[in-house]
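Working notes, structure below.
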Amino acid sequence: MIHLLIAGLCLQILLLNVNLGAGILVAYLVRPVLWGLLALLVFRMPRERPAGNSRAVRVLKLVGLFVAVIQVSVSVMFGLMEGFGRSPYSTSFTGALLNIWLVGTEVAGMEMCRAHLVNRCGRRRRMSVTIPVSLAFLLYSLTVRRMASLSDKVAVVRFLGEEALPGLSQSVFCSVLAFLGGPVAAMGYRVLLMGFWRLCPVLPDLSWGVAALIGTVVPILGVFIAQAEHAATVRPRRIPRDAGKAIRSTLVVAVIGMVFMWFAYGLFPVYPSVVLTGSMRPYLNPGDLIVSIKNTGSIREGDVIEFRRDDMWVAHRVLEVRRAGNHRFFVTKGDANAIADQDLVTTSMVKGKVLTTVPGLGRVSIALRKLIFR
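Just add 308 to wherever you are in the sequence shown, counting from 1, and you've got our numbering.
Here it is as structure tokens:
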């Protein structure tokens, strides 16, 4: 009977999260009450022992708090370099109480449910279940309303780098804490972290790339710390060999994905682009991947440059470099075109100089672009 009630509450919470028209009453009363009831029902059920012994459980509670402190401290450190801004949340006494109510009920319900799921499976399999459980809670946190608002490629890239990948790392870390140390360990991490961002009146104003780095890397380090502390207190056979590999593989994918997002968004000196037209045949064909470098000062006649024109990026060859005072202008032409481009290209229009090409590697990107943005 209790399992049916829990399933019903989870379904109600999910439906409320999917409902794009949910209002203030749902956000501030109905959903928190459902989370609280879910936490209470799971608490009343027979306890599922975590993988760690009593000593490991105590240590992992401290690990959760320690990693949260590290994550907050690193954010503040970068805030000293990038600046601070006012919190978007209410900092009044009533607003603080409301945020405590929202954070407390959600964290309690979510982490009690997470710990029950990862520790409910058989001992030989339950470590591997942390991955699908982590993905399930990640999908809940990535609301339909937020994903439906993604209107262009830049928004999608920022969403993946700023929310999805850090969310995956943090969800995996919470699942590992819940598996090894129980729900309180995961609660400590999330309450301290969310409490800082919800209750502090002044917050670090971080660029999305830095925020993605902190939100992804610190929880990954937390996973390794938690596993090391657990291994020091229990017998090695308590965790199957392939369990740690599954978690590490997921975290490696998150890091690689984050780096790729930075690479594609242009946060590095070099970045990739996909050729969409045939104006540079036979040197460049549609679907080729080009790698460019941000250095307009080294552009010479004969170089292929990427520049902005008519709301799209174009890669053409430089025929002539002209100067007017301290300004440089480029006469460009596509190798497959009969005449040179009509308009001169200014240095402010140039994205970079093409360094190398990878034939055909961008065809998958073109197919995905047509599928997503059609």
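Quick reminder that beta carbons are idealized off the backbone N, C-alpha and C, glycines included.
Asked: For Q650, does the count of other Cβ atoms within 10 angstroms reach 16, so buried, or fall short, so exposed?; Found: exposed
Asked: DSSP puts A632 in a beta bridge; with which residues?; Found: H635
Asked: Looking at F445 and M420, is the spacing between their C-beta atoms short of 8 Å?; Found: no
Asked: What are the complete beta strand (DSSP E) segments, minimum 3 residues, inside the stretch 361 to 403?; Found: 392 to 394
Asked: How is Y579 classed by DSSP in three states: helix, strand or coil?; Found: strand
Asked: From E614, D618, G605 and D619, pick the residue whose C-alpha is nearest to that of R625; which is it?; Found: E614
Asked: Would you identify the three-state DSSP class for E609, choosing helix, strand or coil?; Found: coil
Asked: Any idea if N427 is buried or exposed, counting beta-carbon neighbours within 10 angstroms, 16 or more meaning buried?; Found: buried
Asked: Taking all protein chains shown into account, do 16 or more other C-beta atoms lie within 10 angstroms of the C-beta of T524, making it buried, or fewer, making it exposed?; Found: buried
Asked: For P527, which residues of its own chain have a beta-carbon under 6 Å away from its beta-carbon, when the five flanking residues on both sides are left out?; Found: S477, Q478 and F481
Asked: Would you call the stretch 499 to 512 and the stretch 462 to 473 touching, i.e. three or more CB-CB distances under 8 Å?; Found: no
Asked: Between which two residues does the beta strand (DSSP E) harbouring P512 extend?; Found: V510 to P512
Asked: Taking the beta carbon of A423 as the centre, do at least 16 other beta carbons fall within 10 Å, making it buried, or is it exposed?; Found: buried
Asked: For the putative contact between A648 and G586, defined by C-beta atoms under 8 Å, what is the C-beta separation to the nearest angstrom?; Found: The pair is not a contact, with the Cβ atoms about 17 Å apart (cut-off 8 Å).
Asked: What's the gap between the Cα of E537 and the Cα of V367?; Found: 7 Å
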